[in-house]
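**Student:**
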Amino acid sequence: MNFDLTAEQQSLVISVAQMCSRFDDSYWRERDRLHEFPWDFYTMFAEGGWLGITVPEEFGGGGLGILEAALVLEEIAASGAAMNGASAIHLTVFGMNPVVKHGSQEMKEHYLPQVVDGSLHVCFGVTEPDAGSDTTRIRTVATRTDTGYVISGRKVWTSKALECSKVILLTRTTPREECRKPTDGMTLFLADLDPNHCTIRPIEKMGRNAVDSNELYIDELPVPISDRVGEEGRGFRHLLDSLNPERILLAHEAIGIGRAAINRAVSYANERVVFGRPIGANQAISFPLAIAQAQIDAARLLARKAATLYDAGQPCATEANQAKYLCAEAGYYAADRAVQTHGGFGYATEYDVERYFREARLLRLVPIAQELVLAYLSEHGLGLPRGY
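Position one of the sequence shown corresponds to residue -3 (the numbering used here), numbered consecutively onward.
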């Protein structure tokens, strides 16, 4: 079992770190304070071809795997960009994966090159206020017409919608009660965010404020058949090619935040002198940081395994969920200890660890709450009775 990155992967990580070094903590602090999308950061990665890292080469992409995408996003988060930087980019990576896997040839040829060059912005419309994590109970309905579909419904926590022109949209085309399985009867679309039929309302939130989160109201939105992703009624299965990569990518982002937090805490613990010596000499400071580093290193190995399994076409749902759970916990613990290491200054925005803390906390909630990850693992990993 080889845990080393290839020479190409190491080169990729170095390149991303060098690019991210142009945007320091003060840049991200300001984007978060102003609720301002990091356009210059996004444009730099678009011009470098990084947005299409997993898009097949025939459509202008890099043709690489989820592991390489995860390495990129971990390094972005570790630079201090945290979720504000990673979220600006990762939606394009995992959100378009169902199109890469299940879209028609015409859809791929038309849209994927635009994703690669950064001219097409796509958000992800799955979660609904009355369904939450029970995706099978969504109420957004796509009704078949002579020319395509008409969609009405409501989505929530749709990130980056204000900057996007298209949305990967999960709908019901057959009522749940008429389906053999609850996951049947759902259909996926790459739909226009037509302002004549779509209303976007930002949600005020604790952190990651450079990337907006929104409520999306859809009223009689016409969608042509050509914008349907895959087969009608199999949308949930197609969506799985986003859900497992999403967990894997966010797991690596949690690791990146943890790395940034530990680096900042260690630096402060070496510099801050109290009672005549650096506070890092005190085990009350050093031991928690050592635990944080051990947890980060261990969780990263599982996240890398999940990515490797996905890229090999092997089942990875258990590993992806385990990685999401452990990495989120490890990243949050590291960020919390970084705040504690700074004492009162950890609460001050100028030291940035409070921003890491707020953004690390998000990853214990998304893309699925930690408790539901445990429910899934209890059933599918341990064979216990289904509790949800």
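Backbone N, C-alpha and C define an ideal beta-carbon position, used for all residues, glycine too.
Between which two residues does the beta strand (DSSP E) harbouring Pro311 extend?
**Tutor:** Per DSSP, Pro311 belongs to no beta strand (DSSP E) and is neither H nor E.
**Student:** In terms of alpha-carbon separation, which member of Arg273, Val152, Leu30, Ala302 lies closest to Asn210?
**Tutor:** Val152
**Student:** By Cβ distance, which residues of its chain are closer than 7 Å to Val89, with the 5 residues on each side in sequence left out?
**Tutor:** Ile49, Thr50, Ala65, Leu245
**Student:** I'd like the list of long-range same chain contacts for Pro284, defined as Cβ closer than 6 Å, with 5 residues on each side in sequence excluded.
**Tutor:** Non-local C-beta neighbours of Pro284 in its own chain, meaning closer than 6 Å and more than five positions away in sequence, comprise Arg333, ordered along the chain.
**Student:** Between Val394 and the rest of its own chain, which residues show a CB-CB distance below 6 Å, the 5 nearest in sequence each way excluded?
**Tutor:** Because the chain spans -3 through 384 in this model, residue 394 falls outside it and cannot be assessed.
**Student:** Taking the runs of the alpha helix (DSSP H) that are 4 residues or longer, which of them lie wholly in the stretch 78 to 120?
**Tutor:** 78 to 91, 93 to 98, 101 to 113
**Student:** My guess is that Gly114 and Leu47 are in contact by the Cβ rule of under 8 Å, so how many angstroms apart are they, rounded?
**Tutor:** 5 Å
**Student:** Around the C-beta of Thr183, are 16 or more other C-beta atoms found within 10 angstroms, so that it is buried, or is it exposed?
**Tutor:** Buried, because 16 or more other Cβ atoms sit within 10 Å of the Cβ of Thr183.
**Student:** Hey, how far is the Cα of Tyr38 from the Cα of Arg354?
**Tutor:** 22 Å
**Student:** Applying the criterion that 16 or more other CB atoms from any shown protein chain within 10 Å of the CB defines a buried residue, is Tyr145 buried or exposed?
**Tutor:** buried
**Student:** Taking the straight line between their C-alpha atoms, what separation do you get for His376 and Val270?
**Tutor:** 50 Å
**Student:** Do the CB positions of Ala326 and Ala356 come within less than 7 Å of each other?
**Tutor:** no
**Student:** Between Gln279 and chain B, is any beta-carbon pair separated by less than 7 Å?
**Tutor:** Note that chain B does not occur in the displayed structure, where there is just one protein chain.
**Student:** When you compare each of Asn205, Pro220, Pro198 to Leu212 by their alpha carbons, which one comes out closest?
**Tutor:** Pro198
**Student:** If Thr132 sits next to Arg172, beta carbons under 8 Å apart, how far is it from one beta carbon to the other, in whole angstroms?
**Tutor:** Between Arg172 and Thr132 the Cβ distance is about 6 Å, and since that is below 8 Å, they are a contact.
**Student:** Cutting at 6 Å between CB atoms, please list the residues of its own chain near Glu242, excluding the five before and the five after it.
**Tutor:** Phe90, Pro363
**Student:** Pull up the distance between the alpha-carbon of Thr304 and that of Asp142, whole angstroms please.
**Tutor:** Rounded to the nearest angstrom, the two C-alpha atoms are 43 Å apart.
**Student:** What does DSSP give as the partner residue(s) for Tyr145 in the beta ladder?
**Tutor:** Residue pairing by DSSP puts Tyr145 in a beta bridge opposite Arg140, Val219.
**Student:** What does the alpha-carbon distance come out to for the pair His117 and Leu217?
**Tutor:** Rounded to whole angstroms, the separation of the alpha carbons of Leu217 and His117 is 19 Å.
**Student:** Would you identify the three-state DSSP class for Glu211, choosing helix, strand or coil?
**Tutor:** strand
**Student:** Which stretch, first to last residue, makes up the beta strand (DSSP E) that contains Thr195?
**Tutor:** For Thr195, the enclosing beta strand (DSSP E) covers residues 194 to 198.
**Student:** Could you give the uninterrupted runs of the alpha helix (DSSP H) lying entirely in the stretch 25 to 55, keeping only those of 4 residues or more?
**Tutor:** 35 to 43
**Student:** Quick one, which of Tyr321, Val225, Thr169 has its alpha-carbon nearest Arg140's?
**Tutor:** Thr169
**Student:** Can you give me the start and stop residues for the beta strand (DSSP E) that Arg168 sits inside?
**Tutor:** 162 to 168
**Student:** Going by C-alpha distance, which of Arg273, Ala78, Leu87, Tyr372 is nearest Asn317?
**Tutor:** With distances taken between Cα atoms, Asn317 lies closest to Tyr372.
**Student:** Applying the criterion that 16 or more other CB atoms from any shown protein chain within 10 Å of the CB defines a buried residue, is Ser129 buried or exposed?
**Tutor:** Its Cβ having fewer than 16 others within 10 Å, Ser129 is exposed.
**Student:** Does the beta-carbon distance from Val12 to Glu71 come in below 7 Å?
**Tutor:** yes
**Student:** For a quick check, are the C-beta atoms of Thr167 and Ala127 less than 7 Å apart?
**Tutor:** No; because the gap between Cβ atoms is not below 7 Å, this pair is not in contact.
**Student:** May I ask which residues mark the beginning and end of the alpha helix (DSSP H) holding Leu246?
**Tutor:** 231 to 267
**Student:** Flag this pair as touching only if the stretch 73 to 82 and the stretch 55 to 64 have three or more C-beta atom pairs under 8 Å; answer yes or no.
**Tutor:** no
**Student:** Could you give the first and the last residue of the continuous beta strand (DSSP E) run that contains Phe185?
**Tutor:** 182 to 188 is the extent of the beta strand (DSSP E) around Phe185.
**Student:** What did DSSP end up calling Arg300 once you bin it into helix, strand or coil?
**Tutor:** helix
**Student:** Can you look up Pro284 in the DSSP assignment and give me helix, strand or coil?
**Tutor:** In the structure shown, Pro284 sits in a helix (DSSP, three-state: H, G or I).
**Student:** State the Cα-Cα distance for the pair Glu315 and Pro220, rounded to the nearest angstrom.
**Tutor:** 37 Å
**Student:** Would you call Asp223 buried or exposed, if buried means 16 or more other Cβ atoms sit within 10 Å of its Cβ?
**Tutor:** buried
**Student:** Going by C-alpha distance, which of Thr154, Gly254, Ala286 is nearest Lys201?
**Tutor:** Thr154
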